[in-house]
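Residue numbers (this note's numbering): 1 to 494. Using N, Cα and C, we set each Cβ at its ideal position, and we do this for glycine too.
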RNA sequence: GGCUCCAUCGUCUAGCGGCCUAGGACACCGCCCUCUCAAGGCGGAGACACGGGUUCAAAUCCCGUUGGAGCUACCA
């Protein structure tokens, strides 16, 4: 898609809750498009519904976008030349433009009560007619309108949809989309509380803010003809429209709580990397065209084009996201990974707050062993607990005993291993390995038969990183005392 | 109900008339590596929703059917 250097796009969430993962994807596509074209990304808060406003949602939206790495060039906090960027601070503008539309005959005052509208709707539903406003106030005489206005009768301003004809627009992803005007409703522009509806505010702001490309979710396709009509009424040229396919849940409907995390903050709390989320989200509807799947930010920006965005709905796959997370975790430097793990370890009390230098040093020795085994950061505490705990417990002492061996044989193995490990002064991986492998040979056993009891004795579990590295990191003193404890447990049991 | 969008393995997708006995990735299964678990390597199973056209030739173009989704508010 050829685009000049003056691209301006926006992400325009309404603060009705925490940032949804689907909205995050929309924001991502906007940012990618902006960055790929040297354009500007604007954040605009569409807070024109006083009833649905949720207190800390603006904070959450900003925080979540930043966490993902989607910093806006204009908008809240950073400002810009076409603000304010909160629609609630722009109500005067909308009222003025709505008034202008009334003057030019494109809109009219409507005095119908919500009650009348509701009963109208019910009646239409009953008879199977299409629902919609019956245009009762559309042709009210000016005198009557002025009288009602003067009396302070509550009213809204509605847009006059043309009686016939059709409204067509070119979607950048889907091509021509056509709507017969007669299926369009005389929609409300200005509510009785003086606030604009989305339809009005959106069009005015996109125009006033110089938006060149509207990249938004699929669900807006049906209101796009209304927007086009509005642009025409104002005498403005509409921006390029691109409607992204929706993201579905595994069961086919909208992504909901039932299937797992839905708000961005939940993904963050579970220990997903922003890199992984971005990579996964980008591939939900977009493809580079070759077989590449793993992208970092710069690679995405370099390869992103709008015309490679698909049109069919995509199911959100937590399994694939998990895989991406593992991939990106493995790409991190151990230091970086350690940094990111610290908050999770702190939460579980395995390191102190603030973390000490000693703990950081120790952590950077542990992390390389765990790096290819971690899928979410929140797993780190469980995977690493035995490195931090002074005392470990054996929830199931029988795990100490390898298959087809007796407890007594296991005790013997552990005792001999203990004496070998005790004799190693430089407790290095190499020394541990040669000592233990020597024991395996002299006993004429299989490696696993010797290593597994030691592994369980020292870690309390059957799955750990490589034994020699693990013993080395845990340290000689703790290794020896844990093995003694394990021997004690086995003897006590029999 | 009306309107609109969508339709390739279970999932994300490649494919834009012949390169397709349909390619890749996740998940799944098997083997290898191996002290366990991972990671990694190799291999396997697995899809063009259906019916009509158009064409020498269709997963690719057109129409219909079916299916799914979205919208249908003084919400966005």
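Could you compute how far the alpha carbon of residue i sits from the alpha carbon of residue j?
i           : j           : result
residue 179 : residue 109 : 25 Å
residue 327 : residue 354 : 29 Å
residue 145 : residue 158 : 13 Å
residue 364 : residue 85  : 44 Å
residue 3   : residue 37  : Note on residue 3: pLDDT 42, under 50, position unreliable in the model; no value is reported.
residue 420 : residue 469 : 16 Å
residue 233 : residue 33  : 29 Å
residue 214 : residue 58  : 21 Å
residue 27  : residue 329 : 24 Å
residue 255 : residue 91  : 33 Å
residue 485 : residue 477 : 12 Å
residue 273 : residue 204 : 37 Å
residue 70  : residue 20  : 14 Å
residue 332 : residue 192 : 54 Å
residue 387 : residue 311 : 49 Å
residue 389 : residue 442 : 33 Å
residue 88  : residue 200 : 13 Å
residue 97  : residue 131 : 28 Å
residue 156 : residue 378 : 51 Å
residue 462 : residue 395 : 12 Å
residue 249 : residue 319 : 13 Å
residue 66  : residue 376 : 20 Å
residue 314 : residue 278 : 15 Å
residue 23  : residue 64  : 11 Å
residue 48  : residue 54  : 12 Å
residue 309 : residue 269 : 29 Å
residue 237 : residue 118 : 35 Å
Assuming residue i contacts residue j (C-beta within less than 8 Å), just tell me the rounded distance between them.
i           : j           : result
residue 471 : residue 458 : 6 Å
residue 397 : residue 479 : With 8 Å as the limit, residue 397 and residue 479 do not qualify as a contact, their Cβ atoms being about 18 Å apart.
residue 239 : residue 262 : Between residue 262 and residue 239 the Cβ distance is about 29 Å, and since that is not below 8 Å, they are no contact.
residue 393 : residue 460 : 6 Å
residue 284 : residue 25  : 6 Å
Leaving aside the five residues before and after residue i along the sequence, list all residues of the same chain whose C-beta is less than 8 Å from its C-beta, in chain order.
i           : result
residue 370 : 380, 383, 384 and 465
residue 1   : Confidence at residue 1 is low in this model, with a pLDDT of 38, below 50, so the placement of that residue should be treated as unreliable; the coordinate-derived value is given next. So the qualifying residues of the chain are 172, 305, 306 and 307.
residue 62  : 43, 76 and 77
residue 437 : 447
residue 194 : 91 and 95
Can you tell which of the options has its C-alpha closest to the C-alpha of residue i?
i           : options               : result
residue 347 : 335, 271 and 331      : 271
residue 340 : 324, 317, 319 and 374 : 374
residue 447 : 417, 293 and 174      : 417
residue 482 : 428, 391, 422 and 400 : 391
residue 189 : 68, 335 and 202       : 202
residue 361 : 335, 349 and 377      : 335
residue 210 : 453, 479, 6 and 452   : 6
residue 235 : 444, 100 and 23       : 100
residue 453 : 442, 467, 444 and 441 : 467
residue 50  : 198, 125, 64 and 187  : 198
residue 400 : 456, 349 and 121      : 456
residue 294 : 316, 321 and 268      : 321
residue 79  : 96, 54, 106 and 45    : 45
residue 115 : 133, 103 and 128      : 133
residue 296 : 280, 403, 475 and 451 : 280
residue 325 : 351, 344 and 372      : 372
residue 449 : 474, 429, 406 and 425 : 406
For residue i, I'd like the list of residues in its chain whose CB is within less than 7 Å of its CB, leaving aside the five on either flank, ordered along the chain.
i           : result
residue 184 : 161, 225 and 226
residue 491 : 411
residue 60  : 18, 19 and 265
residue 487 : 411, 414 and 415
residue 176 : 168 and 170
residue 368 : 334
residue 422 : 480
residue 223 : 199
Could you name the residues of the same chain whose beta carbon sits closer than 6 Å to that of residue i, not counting the 5 residues immediately before and after it, in chain order?
i           : result
residue 282 : 300
residue 73  : 40 and 41
residue 338 : 363, 364 and 367
residue 259 : 249 and 250
residue 230 : 203
residue 431 : 424
Taking only heavy atoms of the ligand ADP into account, decide whether any of them is closer than 7 Å to the Cβ of residue i.
i           : result
residue 276 : Judged by which ligands are present, the structure shown has none, so any question about the ligand ADP falls away.
Check your understanding: Do the region 124-143 and the region 95-114 make contact, defined as three or more Cβ pairs closer than 8 Å?
Key -> Contact between the region 124-143 and the region 95-114 is established, with three or more Cβ pairs separated by less than 8 Å.
Practice item. Answer yes if the region 5-18 comes into contact with the region 159-177, meaning at least three C-beta pairs across the two stretches below 8 Å, and no otherwise. Key: The way I'd put it, the region 159-177 doesn't touch the region 5-18; fewer than three beta-carbon pairs between them come closer than 8 Å.
Practice item. Evaluate contact between the region 278-293 and the region 74-83, counting only Cβ atoms and requiring at least three cross-stretch pairs below 8 Å. Key: The answer is no - the region 74-83 does not touch the region 278-293, with fewer than three Cβ pairs under 8 Å.
**Study point:** Validate contact between the region 244-260 and the region 215-224 using beta carbons, cut 8 Å, 3 pairs
**Key:** Per the Cβ contact rule, the region 244-260 is in contact with the region 215-224 (3 or more Cβ pairs under 8 Å).
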